[in-house]
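Numbering of the sequence shown is given in the working numbering, commencing with residue 108 and proceeding in unit increments.
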Amino acid sequence: MATTQQCEMLLTVNGEAHSVIARPADTLLFVLRNKLRLTGAKPGCLNGDCGACTVLIDGVPIKSCMMLAIETVGKTITTIEGLKHSPIQQAFVEHFAFQCGYCTPGFIMNAHALTEKYPDASDDVIQEWLESNICRCTSYREIEQAVKSVLLKKHRND
């Protein structure tokens with residue numbers, strides 16, 4: 108009978124250190140949801156296509172269903188729960204950039220990284236970044252407007 112070996116991992120999530128016992132084969136999405144009870148990242152396709160599970164690893168958007176938790180030891184993980192009161196979240200509300208909401212955390216994580224990395228993002232860059240996430244309920248127009256509003260506010264504050 109085969110045994111499933113588990114190991115202790117120290118993960119830094121939303122600015123806090125967490126000791127987690129998990130299998131080396133467990134995805135980051137599984138560990139976030141089932142070990143740390145951070146359920147903002149959603150299981151969608153589970154093969155990296157939909158983006159519902161997007162989190163930030165050292166500021167870079169990553170689909171957590173495609174990354175092993177053990178690969179994130181020593182890195183900074185940010186989930187939707189770690190973006191409380193961020194400008195992009197407020198912009199999504201103001202621009203009605205969601206309907207059912209299932210994909211929204213992934214879009215917000217991706218859009219947050221976009222606005223941080225490319226404060227002068229062109230329409231083409233915005234569209235390219237938003238292509239990595241799928242929404243079946245609404246058009247991407249409202250999401251693009253939310254992103255553009257955050258970028259505009261950043262320029263006004265410079």
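The C-beta atom is built at its ideal place from N, Cα and C for all residues, glycine as well.
Since the structure is predicted, the reported quantities are computational estimates derived from the model, not experimental observations.
Quiz prompt | For Cys114, the three-state DSSP class (helix, strand or coil) | solution = Translated into positions along the sequence shown, residue 114 becomes position 7. In the three-state reduction of the DSSP assignment, Cys114 falls in the strand class.
Practice problem: Could I get the ranges of all uninterrupted beta strand (DSSP E) runs contained in the segment 161-211, with 3 residues as the minimum, in chain order? | Solution: For the segment 161-211, whole beta strand (DSSP E) runs of length 3 or above, ordered along the chain, are 161-164, 167-170, 183-185.
Self-check item: Reduced DSSP category for Thr119 - H, G, I as helix; E, B as strand; rest coil
Solution: Numbered from 1 along the sequence shown, position 12 holds the residue referred to as residue 119. Three-state DSSP puts Thr119 in a strand.
Exercise. Can you give me the Cβ contacts of Pro168 inside the same chain, cut-off strictly under 7 Å, excluding the 5 residues immediately before and after it?
Key: Against the sequence shown, residue 168 aligns to sequence position 61. Correct list, in chain order: Thr161, Met216, Asn217, Ala220.
Practice problem: Give the straight-line distance between the Cα atoms of Thr134 and Leu258, rounded to the nearest whole angstrom. | Solution: Here the question's residue 134 lines up with position 27 in the sequence shown. Here the question's residue 258 lines up with position 151 in the sequence shown. Going by the C-alpha atoms only, they are around 33 Å apart.
Self-check item: Distance, Ala159 Cα to Lys170 Cα
Solution: Numbered from 1 along the sequence shown, position 63 holds the residue referred to as residue 170. Numbered from 1 along the sequence shown, position 52 holds the residue referred to as residue 159. CA-CA distance, Lys170 to Ala159, rounds to 8 Å.
Practice problem: Measuring alpha carbon to alpha carbon, tell me which of Ala129, Cys172, Glu249 ends up nearest Asn154. | Solution: For the purposes of this step, residue 154 is taken as residue 47 along the sequence shown, with counting starting at 1. Of the candidates Ala129, Cys172, Glu249, the one whose C-alpha sits nearest the C-alpha of Asn154 is Cys172.
Exercise. Determine the contact status of Lys175 and Ala124, defining contact as a CB-CB distance below 8 Å.
Key: Numbered from its first residue, the sequence shown carries residue 175 at position 68. Numbered from its first residue, the sequence shown carries residue 124 at position 17. It is Leu, not Lys, that sits at residue 175 in the sequence shown. Cβ distance not < 8 Å, so Leu175 and Ala124 don't count as in contact.
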